[in-house]
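In my numbering, the protein residues as written are 10 to 279.
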C-alpha cells in the first residue's frame with residue numbers, strides 16, 4: 010500500500026500565487042516602454058520631415074545643437090542630456106534600438122514597475138553621456154564628437170535586467186530565443202573589447218562604445234541597490250558561470266550570430 014502525503018495548505022497557496030504572478034506577467038503590457046518607443050518614433054519622423062524640408066546642412070546644424078557634445082555642455086546647453094537620447098542616425102540605428110528597448114525595457118518594467126524603469130532609463134542615459142564627456146576630456150574620443158541615440162539608456166536597462174531577471178528569455182539581438190544573461194555578457198565583452206580596440210588603434214568609429222559601457226555600469230549599480238546584495242550576488246555567479254561556459258559553446262554562439270538582427274538587416278539591404 011502506498012500513502013501519498015498531502016501538501017500543506019500554505020505550500021499550495023504559495024504555488025498558486027507564483028502561477029498567478031507568472032500569468033499576470035505574461036499578459037502585462039509594458040505601457041511606459043511602448044510610450045518611450047512611440048516618442049522615439051515621433052522624434053525620428055520629425056527628423057526626416059526637417060531633413061526634407063530644410064535640407065541636409067541645416068539639419069546637421071540643428072542636430073549638432075540637440076546632440077550631446079563637449080561644446081554644447083560648455084555652452085550651457087544642458088538640455089542635450091535629454092534631447093540626444095531621442096535622436097537617431099538612420100533606419101538601422103532606430104530599428105535596433107527600438108527592438109532592444111522593447112525586450113529589455115519590458116523585462117525591467119514588468120519586474121520593477123514603470124517608475125523604476127524610467128529611473129533606470131534616464132539615469133543610465135545621463136551616466137552614458139558623462140562617460141562620453143570623460144572620454145573626450147581624457148583624449149580617448151575626438152573633441153568634436155556629437156553623440157545621439159538611446160543606446161546608453163538601453164544598456165542601463167540591460168544592466169538592471171540581467172540582475173533582476175537573468176533567465177528571462179528574449180529574442181534580441183538574435184531571432185532565436187536566448188537567456189537574457191547570455192545577451193548581457195556577450196554585449197559587455199563586445200563593447201569593452203571594441204572600445205579598447207578603437208583607443209589602441211586610433212580607428213574612427215560612429216559608435217559610442219563608452220556610452221554603452223557607462224550606461225551598463227549605471228544599470229548594474231541601480232540593480233544592486235533595488236534588488237539587494239543577495240539577489241545581485243546570485244546574478245553575478247550566473248554571469249561568471251556564463252563567462253566560463255562561453256568557450257564551451259563558442260561554435261553555438263557563432264551559429265547564433267547568423268541570426269543576429271544586424272546581420273539580417275545587412276543582408277536584406279545589401
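Positions of the beta carbon are idealized from the N, C-alpha and C atoms, including for glycine.
Fill in: DSSP three-state assignment for residue 212, whether helix, strand or coil
In the structure shown, residue 212 sits in coil (DSSP, three-state: anything other than H, G, I, E or B).
Worksheet item: Is it true that the CB of residue 72 sits closer than 8 Å to the CB of residue 96?
Response: It is a contact, given that the beta carbons lie within the stated cut-off.
Fill in: Three-state secondary structure (DSSP) of residue 184
Residue 184 falls in the coil class under three-state DSSP.
Worksheet entry | Nearest neighbour of residue 126, chosen from 220, 41 and 229 [CA to CA] | The shortest Cα separation from residue 126 among 220, 41 and 229 belongs to 41.
Practice prompt. May I have the straight-line CA-CA distance separating residue 159 from residue 47, to the nearest angstrom?
Written response: In a straight line, the C-alpha of residue 159 is about 13 Å away from that of residue 47.
Item to complete: For residue 110, collect the residues of the same chain with a Cβ closer than 7 Å to its Cβ; drop the 5 residues on either side in sequence, then sort them by chain order.
Response: Within the same chain, 42, 45, 46, 159 and 163 come within 7 Å of residue 110 by CB-CB distance, once the 5 residues on both sides are set aside.
Discussion item. Going by DSSP in three states, residue 179 sits in which element: helix, strand or coil?
Written reply: Residue state, collapsed to three classes: strand.
Worksheet item: What separation, rounded to the nearest whole angstrom, lies between the Cα atoms of residue 196 and residue 70?
Response: Using only the alpha carbons, I get a separation of about 32 Å.
Worksheet entry | Extent of the continuous alpha helix (DSSP H) to which residue 120 belongs | Where residue 120 is concerned, the enclosing alpha helix (DSSP H) stretches over 115-121.
Discussion item. Looking only at its chain, what residues have a beta carbon closer than 6 Å to the beta carbon of residue 207, apart from the 5 residues adjacent to it on each side?
Written reply: Closer than 6 Å at the Cβ level, and outside the excluded window around residue 207, lie 214.
Item to complete: Assign residue 32 to one of two classes, buried (16 or more other C-beta atoms within 10 Å of its C-beta) or exposed (fewer than that).
Response: Unreliable placement is indicated for residue 32, whose pLDDT of 49 sits below 50; no coordinate value is reported for it.
Item to complete: Keeping to the same chain, check which residues put their C-beta closer than 7 Å to that of residue 167; ignore five residues upstream and five downstream.
Response: Excluding residues within five positions, the ones whose Cβ falls inside 7 Å are 113, 193, 196, 225 and 228.
Worksheet item: Among the residues of its own chain, which have a CB less than 8 Å from the CB of residue 178, if the five just before and after it don't count?
Response: Excluding sequence neighbours, residue 178 sits near 186, 187, 188 and 189.
Worksheet item: What is the C-beta distance between residue 157 and residue 98, in whole angstroms, given that I count them as a contact (C-beta under 8 Å)?
Response: Confirmed, Cβ separation roughly 6 Å.
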